[in-house]
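In my numbering, the protein residues as written are 23 to 317.
Below: the structure, in structure tokens.
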Amino acid sequence: MPRVGASAPAIVMRPMSKNSSPERNRPPSPALAKAALALQMQQVEDAEQLASQVLKSDRRNAFAAEILGRALLAQNRLDEAIVHLEKFTRRTDEPSIETLLAGMLAAVDRRDEALDHLRRIVARRPAFIPAFAELALQLRKSGLFDEAMIVTESGLGFAPNSADLQLALGYALADRNERARAQAVFAKVHAAEPMHHDALLALAAAMIWDGDYARAADLYRRALTIKSLDDTRIRLAKCLLELRQREEAESLFRSVTHGVSKLAAPAVIGMVSSSHGRIFLKPSAALDFLGARSD
23 MPRVGASAPA IVMRPMSKNS SPERNRPPSP ALAKAALALQ MQQVEDAEQL
73 ASQVLKSDRR NAFAAEILGR ALLAQNRLDE AIVHLEKFTR RTDEPSIETL
123 LAGMLAAVDR RDEALDHLRR IVARRPAFIP AFAELALQLR KSGLFDEAMI
173 VTESGLGFAP NSADLQLALG YALADRNERA RAQAVFAKVH AAEPMHHDAL
223 LALAAAMIWD GDYARAADLY RRALTIKSLD DTRIRLAKCL LELRQREEAE
273 SLFRSVTHGV SKLAAPAVIG MVSSSHGRIF LKPSAALDFL GARSD
């Protein structure tokens, strides 16, 4: 059975946390506010520069450290981000930084270290809820589905209304092939927060289990209004192929490549894996169809 979230990126970029140290709950300085806004607007070089300047005068500023780590990650400078965050964790036990670091360590195949970090965080009090969700994710990726369920249920004991933890519970149920329960959990989160991006994706995938491609396509369309992601376009296009809406589906597949051949693989896989898709006898024919150039 295809698992919900199976094609998720290596690092889940959760929103920056607020419920950690007292410092994080105070209003940020003007420089930090500008850095956070720059990161939100994807002006990552400006965010990096501003956060670095704050850290020069305040080496223990967790908010600045997190912004810098995320800015480096957004520039695909993962190794630099890890070095930066590791240095910071040696100066403080800020859970938001350790949780972000754990996701990065897992992305470079240092999952045992990531799990060690996360297990230490979830054992602390007060509970830091994002760490429970991250630990559940990494346990699922390690095939430790039962432990992921235990961690998720433990986290929900502290924050029963957490959408991230409820989704984590749904993913754990899906991994254990408890489809009906997983779908009910995803539907509950979606009902409570209709525009929650991850809930839309999770529920759409669950709709596909039952062959409800029309409902899934509608959910993917809503998700695209929130975040315009290529992976979501591919999922929507596959649904449209199953609904025999070939013209729109193929237009979406072409949009994913952005005219670059190295981005064509997921689009080609999406087309050929559908029961109503296309078959290409040569790779070059697929590239020509998508309008992707060789580079």
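All C-beta atoms in this analysis are idealised placements derived from N, C-alpha and C, irrespective of residue type, glycine included.
Values in this document were obtained by computation on a predicted structure and should not be read as measured data.
With respect to Ala84, Thr121 sits apart: the two C-beta atoms are not nearer than 8 Å. In this model, Ala96 and Leu157 are separated by some 22 Å (Cα to Cα).
Between Glu169 and Leu161, the alpha-carbon positions lie close to 7 Å from each other. As the crow flies, the alpha-carbon of Ile248 is around 8 Å from that of Met217. A residue is called buried once 16 or more other Cβ atoms fall within 10 Å of its Cβ, and Arg92 is buried on that count. For Pro52, the enclosing alpha helix (DSSP H) has its first and last residue at Pro52 to Gln62.
Under the rule that a run must span 4 or more residues, the alpha helix (DSSP H) segments found entirely inside the region 137-218 read 151-163, 167-180, 185-197 and 201-214. Judged by DSSP secondary structure, Arg255 falls within the alpha helix (DSSP H) whose first and last residues are Asp252 to Glu264.
Here Ala206 is exposed: its Cβ has fewer than 16 other Cβ atoms, across all protein chains shown, within 10 Å. Here Thr114 carries a coil assignment [DSSP, helix/strand/coil].
At a Cβ-Cβ threshold of 8 Å, Ala69 and Ala60 count as neighbours.
Under the DSSP assignment, Lys249 falls outside any alpha helix (DSSP H); it carries neither an H nor an E label. Counting only residues of its own chain and dropping the five nearest sequence neighbours on each side, Ala226 has a CB closer than 6 Å to the CB of Ala238, Leu241 and Tyr242. Two segments are said to touch when three or more pairs of C-beta atoms, one from each, lie closer than 8 Å; by this definition the region 125-140 touches the region 103-114. In this structure, the beta-carbon distance from Leu140 to Ala149 does not fall below 8 Å. Within a 10 Å sphere around the beta-carbon of Ala190 sit 16 or more other beta-carbons, which makes this residue buried. The alpha carbon of Trp231 has as its nearest neighbour, out of Glu200, Ser273 and Val211, the alpha carbon of Glu200.
A Cβ-Cβ distance of about 20 Å is found for the pair Glu215 and Ala194, leaving them out of contact under the 8 Å criterion.
With 16 or more neighbouring CB atoms inside 10 Å of its own CB, Met229 falls in the buried class.
If you check the CB distance, Ala58 and Ile89 come in under 8 Å.
In the three-state reduction of the DSSP assignment, Gly233 falls in the coil class.
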